[in-house]
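**Student:** So the sequence shown is numbered by the numbering used here: it starts at 8 and just counts up by one.
Backbone N, C-alpha and C fix where the C-beta goes; we use that ideal spot for every residue, glycine too.
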Amino acid sequence: MIKKENFDKTSAWPFVEAKKMLRERKSFIEKKGKIILQTGYGPSGLPHIGTFGEVARTSMIVNALKHLTDLPTEIITFSDDMDGLRKVPDNVPQKELLEKNLHKPLTNVPDPFQKFNSFGEHNNEMLKKFLNNFKFKYNFKSSTSLYKSGFFNSSLQVILENYDGIMNIILPTLGKERQKTYSPFLPICPVTGHVLEIPVKNIYKEKSIIVFDNNGKDLETSIYDGNCKLQWKVDWAMRWYALDVDFEMYGKDLIESAILSTKIIKLIGKTNPSGFAYELFLDEKGEKISKSKGNGITIDQWLEYASPESLSLYMYQNPKRAKKLYKEIVSKTVDDYLDLIEKAKNQNELQLLMNPVWHVHNSLVPKENMIMSFSMLLNLVETSNADSKELLWKFVKKYKKDISEKDNPIFDNLVGYAIKYFNDVIKLKKKYKKPNGEEKKALEALVKTLDKCDDKMKPEDIQTMIYSTGKENGYTENLRDWFKLIYEVVFGDENGPRMGFFISFFGVKETKDLILNKIK
């Protein structure tokens, strides 16, 4: 059990944000006796990895809160599914069907996958499914449901009462043409079903009715029960107000929206939630990951190649720094994860609180001993030609007779992931170097060095002999080039495993045969 003073001292970001929220929202939280955190999702496309990141990071703050206060917490995962479909995503079937239903609320757009009642419902169910797979605790709320049920009615009336003040906040941020047509309220057209962005003619606050100018025709509608929805920035503020939100994180691209929503909620009589702006995820080209494009790596792909915990680790690390998120990132993240589990075994309490796996595992770090790195396991997949989990395990046990699947669940999962990741990602990028005359001589000298080794030698002793061979064969000045040569010839990559460890595991004779086969 970690001492309370160490929770107070730590600078791990979930604790920093949790403590900041408890300070900023102290009187509000004490009054209601509960802490409410919100994550937002726009279901205009399939859930992507950034959505997962927001829930994962918010869950890490909840974990920190549990060590700082006895008050109950709730994460609301809010789907803005009453928003109009503005464009057809690139990564869905039946694009023509969606094209015909542009501008309708997402919960009124047919499901192109033909599984649910609407495109919005389909994406909501996909969101809930993957959040459930990660065992997140959350309370899902649908914008459509809350608007249509009347839950938002009293808050919508407050927005209407403060109409002029809200216009004074928003209009200066818009261009002159947009100022002429802007309204915080968007009516749903009774004829087309579209979410309309049209100007207001008259407001009857006492009747909760607005008359809009719909291309020269009057459109009179109640603001209640889903007949209207709010523009995004006003909607965000209204949601904070109605749900009494204490904390919400958001992408850096929404900072300006958050500033305006903060002004609006203060105008209508409440204090804004504590906020946290995180940097965006980029694909391998440095472009922002998008739901509609489907670029970068998907959640499903990551989970084919590595554990949910490794993905959570990626989300924990440097949330305020833009990060590239693509398939090649996976293996490095898995190795970081394994390394951090090993480090946790010898850390004091303050160091442990700074260790990301403490947060990834909700303060219960696994005790399993790590057998080898993921990158090393990938090399074994290649050198053993293993094409099944059972076969790779047999190969591992050949050299590590005292281990079993049952006692090593993390490594057991890695064995399965490694085969899939190697075949899908690594194998396609392999470029084996054909050594020139001098390089071939150096590698032949390495084989002769290995003649003096046996499988009982310590990995460090084998490593020392490899160093010496490199120095004796023209690599005195730059041993990095010596190992780069070995890696490029043997593994088809500039980087590779620590050779002493690899050889002691793979076998001296097997390594000699491998090198000779590559330099033929």
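Please confirm whether residue 181 and residue 193 have their CB atoms less than 9 Å apart.
**Tutor:** Not closer than 9 Å, so no.
**Student:** Just to confirm, is the Cβ distance from residue 152 to residue 143 under 9 Å?
**Tutor:** Not in contact: residue 152 and residue 143 (Cβ atoms no closer than 9 Å).
**Student:** When you compare only the Cα positions, how much space is there between residue 396 and residue 426?
**Tutor:** 7 Å
**Student:** If I'm right that residue 384 touches residue 422 with Cβ under 8 Å, what's the distance once you round it to whole angstroms?
**Tutor:** 7 Å
**Student:** Pick out the complete alpha helix (DSSP H) segments inside the region 106-192, 4 residues or longer, and give them in chain order.
**Tutor:** 126-140, 150-155, 160-168, 170-177, 183-188
**Student:** Does the contact criterion of 3 or more C-beta pairs under 8 Å hold for the region 240-259 versus the region 206-220?
**Tutor:** no
**Student:** Closest by CA to residue 319, which one among 161, 167, 306, 328?
**Tutor:** Comparing alpha carbon positions, the residue from 161, 167, 306, 328 closest to residue 319 is 306.
**Student:** Taking 6 Å as the limit between beta carbons, can you name the residues of its chain near residue 528, skipping five residues before and five after?
**Tutor:** Within the shown structure, residues of the chain are numbered from 8 to 527, placing residue 528 beyond reach of any answer.
**Student:** Please state whether DSSP places residue 284 in a helix, a strand or coil.
**Tutor:** strand
**Student:** What number of angstroms, rounded off, separates the C-alpha of residue 358 from the C-alpha of residue 268?
**Tutor:** 38 Å
**Student:** If we count the other Cβ atoms within 10 Å of its Cβ and call it buried at 16 or more, is residue 533 buried or exposed?
**Tutor:** The requested residue 533 does not occur in the structure, where the chain is confined to residues 8 to 527.
**Student:** Please classify residue 377: does DSSP put it in a helix, a strand, or coil?
**Tutor:** coil
**Student:** Determine whether the beta carbon atoms of residue 236 and residue 154 lie at a separation below 9 Å.
**Tutor:** Closer than 9 Å, so yes.
**Student:** Based on the DSSP secondary-structure assignment, which residues constitute the bridge partners of residue 220?
**Tutor:** 225
**Student:** Given residue 362, which residues of its chain have a CB within under 8 Å of its CB, disregarding the five upstream and five downstream residues?
**Tutor:** Excluding sequence neighbours, residue 362 sits near 347, 350, 351, 354, 372.
**Student:** Do residue 113 and residue 51 come within 9 Å of each other at the CB atom, strictly closer than that value?
**Tutor:** yes
**Student:** Quick check: the Cα distance between residue 399 and residue 492, rounded to an integer number of angstroms?
**Tutor:** 27 Å
**Student:** Terminal residues of the continuous beta strand (DSSP E) containing residue 538?
**Tutor:** Nothing about residue 538 can be reported from this structure: the residues present for the chain run from 8 to 527 only.
**Student:** Go ahead and label residue 131 buried or exposed: buried means 16 or more other beta carbons lie within 10 angstroms of its beta carbon, across all protein chains shown.
**Tutor:** Result: buried.
**Student:** Identify which residue in 323, 184, 450, 261 has its Cα closest to the Cα of residue 549.
**Tutor:** Outside the displayed span of the chain (8 to 527) sits residue 549, for which this structure offers no information.
**Student:** Check whether the region 430-448 and the region 457-466 are in contact - that is, three or more C-beta pairs closer than 8 Å.
**Tutor:** no
**Student:** Where DSSP assigns a beta bridge to residue 209, which residues make up the other side?
**Tutor:** 218
**Student:** Taking DSSP's pairing of strands, which residues face residue 202 in a bridge?
**Tutor:** 195
**Student:** Does the beta-carbon distance from residue 378 to residue 325 come in below 9 Å?
**Tutor:** no
**Student:** Please give the ranges of any alpha helix (DSSP H) in the region 362-410, keeping only runs that are unbroken, at least 4 residues long and fully inside the region.
**Tutor:** 363-367, 381-391, 396-406
**Student:** Assuming contact is defined by CB atoms lying nearer than 9 Å, are residue 72 and residue 28 in contact in what I supplied?
**Tutor:** Yes.
**Student:** Pick helix, strand or coil for residue 258, following the three-state DSSP scheme.
**Tutor:** strand
**Student:** To which residues of the same chain is residue 286 closer than 6 Å at the C-beta, ignoring the five residues directly before and after it?
**Tutor:** 259, 327, 328, 329
**Student:** Can you list, in chain order, the residues of its chain whose CB lies under 7 Å from that of residue 7, leaving out five sequence neighbours each side?
**Tutor:** The structure shown does not extend to residue 7, since the chain is modelled only from 8 to 527, so the question has no answer here.
**Student:** What are the start and end residues of the beta strand (DSSP E) that includes residue 275?
**Tutor:** Note, residue 275: premise wrong, no beta strand (DSSP E); not H, not E.
**Student:** If you measure between the beta carbons of residue 87 and residue 47, is that distance less than 9 Å?
**Tutor:** yes
**Student:** Might you give, ordered along the chain, the residues of its own chain that have their beta carbon closer than 7 Å to the beta carbon of residue 20, omitting 5 neighbours on each side?
**Tutor:** Cβ neighbours of residue 20 beyond the five flanking positions: 326.
**Student:** Ordered along the chain, which non-local residues of its own chain (more than five positions away) have a Cβ less than 7 Å from that of residue 531?
**Tutor:** Any property of residue 531 remains undetermined from this structure, which presents the chain solely from 8 to 527.
**Student:** Starting from the C-beta of residue 169, find all residues in its chain whose C-beta is less than 7 Å away, skip the five residues before and the five after it, and write them out in chain order.
**Tutor:** For residue 169, where only same-chain residues beyond five positions count, the Cβ hits under 7 Å are 274, 275.
**Student:** Identify which residue in 503, 263, 507 has its Cα closest to the Cα of residue 476.
**Tutor:** The candidate whose alpha carbon is nearest that of residue 476 is 507.
**Student:** Quick check: the Cα distance between residue 332 and residue 210, rounded to an integer number of angstroms?
**Tutor:** Answer to the nearest angstrom: the Cα atoms are 48 Å apart.
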